Amino acid sequence: KNVATYADAAGKGADLVVTVLPTGFRHDVVLRQRPTTPLQLRIGVETGGLTLSEGNGGRLLLTAPKPGKKGKNGKGGTLVASAPQPVMWDADALGSLIDGERFTNRRSRIATDVVVKGGRTELVLKPSHKFLTDPATTYPVRIDPTTTLPLNNDVEVADTTDADWPADPTSQYLLAGRISGSLSRVYLRFDTTSLTGSTVTDAQLSLHNIDAPSCGTQVGPGIQVRRVTGSWDENTLHWGNKPTATTEDAQTDSRGFNQDCGADRLQWNVTGITQDWVGGAADHGVVLQHPNETNTNDNYRVFSSADDTYYAAPPTLTVTTAGPASAPTATDLAITPAQANGGTVTATSLTPQLSAVVADTAPGSLTAAFEVEHDPAAPAGQGTGQIWTATSGAVASGSPAAVTVPAGMLVDGWKVRWRARAANTTAATTSAWSAWQTATIDVPNPTVDAFQVTPSAQVNGTTVATSLTPTLHTTATDPAAQPVRVEFEVEH
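Mapped onto the numbering used here, the consecutive letters of the sequence shown carry residue numbers 57 to 548.
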């Protein structure tokens with residue numbers, strides 16, 4: 057019901073087939089019989105003011121003129137969309153991959169010309185007559201003109217691909233892993249712009265697995281998903297220019313399904329990867345690959361792509377969000393007890409308290425981390441580098457988070473600097489470190505009061521000692537709470 061066939065619409069024995077996909081539509085030309093003469097297919101193209109042209113490697117380009125300029129043959133314009141060079145494949149090609157075979161030799165590129173005449177643009181397809189008349193070619197042959205110039209977000213790249221024969225982003229099947237000595241990876245890219253301003257609490261990547269070496273919960277090392285860290289173009293991707301990826305937050309699904317047990321979906325928890333994207337990491341998509349590509353044993357999975365109409369089960373990324381995006385902040389930094397004079401802060405304790413107000417628009421448990429180190433501007437001899445670091449207990453958003461520097465960390469007279477940053481431990485997010493705050497440790501001198509002489513008596517408001525060997529008493533207070541020694545002096 058999702059395929060409409062227009063018999064002989066492209067010529068005798070050449071049907072136009074329009075297929076509704078889970079992600080859009082595709083139209084192909086299907087040759088039902090072997091031609092006796094070289095074939096040319098002319099397809100009219102309405103570009104809506106854009107320019108259709110042929111680029112390097114047979115790519116088709118749609119460009120818009122730059123403001124104030126007229127693009128000619130695609131030159132000097134702004135690229136709007138592109139598609140790979142059209143290809144064709146025979147009837148055996150689609151089933152061969154499921155049977156564990158490569159079908160590189162079962163397909164052929166199609167030479168193209170873009171002809172503009174009388175204001176009408178035509179895409180002229182010139183299929184290889186040698187391929188079409190080869191006795192090994194099985195009919196019907198499907199020609200994919202790719203005139204809709206779709207944005208393809210899933211593509212398999214094998215180690216047999218190169219710049220002359222890059223990956224095919226229109227393939228109905230995606231193979232990841234190692235099979236018959238050859239390696240393949242599957243690159244996927246999803247539009248995650250709608251997640252901006254959200255807090256990701258769960259993200260699941262799911263692909264429909266239609267073939268594997270065997271069935272079970274542990275089929276070889278499985279297939280691993282990694283976050284891609286380099287850019288890539290599905291129309292020119294090959295093994296030699298495949299992008300980089302990171303194993304941070306990588307996940308592996310070891311299950312396998314094939315025709316013996318029935319196809320089913322594999323699933324990877326990509327919450328960490330998706331949180332990285334929302335947190336500012338460039339979204340170059342993900343890659344599915346063998347966890348250890350140096351392993352020479354067969355370990356592969358074949359998946360249904362977004363172009364597959366038989367299973368109609370494209371790759372999916374299901375994301376659960378909760379409220380706004382987490383963006384913790386640390387403000388109103390303070391050190392106490394302290395005095396400020398002309399921009400200079402003097403801490404009057406060897407065990408001061410450091411505090412910062414932490415907040416976040418997203419729910420969660422908030423803490424603050426603090427770092428104290430020697431001020432690089434301090435006189436030589438005081439020391440260099442970090443002195444102490446600590447993390448506060450959890451507080452509510454908008455509340456101060458504080459720590460107290462323990463005794464023995466600071467010395468009177470030192471010049472130090474310190475900073476703080478906030479963390480939402482629930483959302484696993486942190487703020488940037490604050491600017492450095494400077495302080496001089498200057499503890500006031502001890503004080504003495506409450507003087508007493510014993511034994512003594514008060515005579516007319518004067519203290520009179522009643523012994524030639526009186527005891528002198530005083531109360532000594534050290535602001536730094538350090539042990540003190542009191543010296544007494546008696547004079548006339």
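Yeah, the Cβ is synthetic: ideal placement off N, Cα and C, and Gly gets one too. Quantities reported herein were computed from a predicted structural model and do not represent experimental measurements.
Relative to the C-alpha of residue i, which candidate in the options has its C-alpha closest?
i	options	result
G336	T308, N351, T248	T248
L422	P222, A484, G399, P526	A484
G328	W492, Q260, N209, Q508	Q260
T460	T216, S405, F544, V197	S405
A565	T531, H340, S109, V213	What is shown of the chain runs 57 to 548, which leaves residue 565 out entirely.
A319	A368, Q307, V401, T217	A368
N265	C317, T92, P277, Q307	C317
F507	V499, A457, V542	V542
V401	D258, T494, D534, A219	T494
S262	V275, L244, P183	L244
T447	T407, G420, L251, A458	A458
A383	P419, T352, S361	P419
D220	W295, Q228, T374	W295
Q315	A60, V358, G278	V358
A425	V180, T92, S490, L322	S490
P371	A338, P347, W324, V520	W324
N291	L410, N209, V180	N209
P277	Q307, V256, L293	Q307
I443	S453, W474, A436	W474
G286	V342, S487, P269	V342
For the beta strand (DSSP E) containing residue i, name the first residue and the last one.
i	result
V334	That residue, V334, is in no beta strand (DSSP E); its alpha helix (DSSP H) goes 327–334.
G233	229–235
F507	503–510
V171	163–173
D224	It is not in any beta strand (DSSP E) - D224 carries neither H nor E in the DSSP assignment.
P526	No beta strand (DSSP E) contains P526, which DSSP labels as neither H nor E.
K471	471–480
P456	455–460
F544	Looking at the DSSP string, F544 is not in any beta strand (DSSP E), and its letter there is neither H nor E.
L466	Per DSSP, L466 belongs to no beta strand (DSSP E) and is neither H nor E.
Under the rule that 16 or more other beta-carbon atoms within 10 Å means buried, what is residue i, buried or exposed?
i	result
N480	buried
G151	Low confidence applies to G151: its pLDDT is 48, below 50, so where it sits in the model is not reliable, and the reading given next is rough at best. Per the 10 Å Cβ criterion, exposed.
F313	buried
K126	Here K126 scores only 46 on pLDDT, less than 50, and its place in the model is too uncertain to base an answer on.
G80	Confidence at G80 is low in this model, with a pLDDT of 49, below 50, so the placement of that residue is unreliable and no value is reported for it.
E545	exposed
T226	buried
P206	At P206, the pLDDT of 33 sits below 50, so the modelled position is not reliable and the matter cannot be decided from this model.
K186	exposed
W288	buried
E212	buried
K68	exposed
K57	Residue confidence for K57 is low, a pLDDT of 47 falling below 50, so the modelled location carries little weight; the figure read from the coordinates is stated next. Exposed is the call here.
V73	buried
T193	buried
D224	buried
E547	exposed
D169	exposed
T510	exposed
K298	buried
V171	exposed
With residue i as the anchor, note down where its alpha helix (DSSP H) starts and where it stops.
i	result
L188	185–189
Could you tell me whether the Cβ of residue i comes closer than 8 Å to any Cβ of chain D?
i	result
D305	As a matter of chain content, chain D is missing from the structure shown, which is built from one protein chain.
Checklist entry - Is it a yes or a no for the stretch 390–401 touching the stretch 426–441, going by three-plus beta-carbon pairs under 8 Å? => result Put simply, the stretch 390–401 does not touch the stretch 426–441. Fewer than three CB pairs are less than 8 Å apart.
Next on the checklist: Which complete beta strand (DSSP E) runs does the stretch 254–335 hold, if anything under 3 residues is left out?
Outcome noted: Listed in chain order, the beta strand (DSSP E) runs fully inside the stretch 254–335 are 254–267, 279–284, 301–309, 320–325, counting runs of at least 3 residues.
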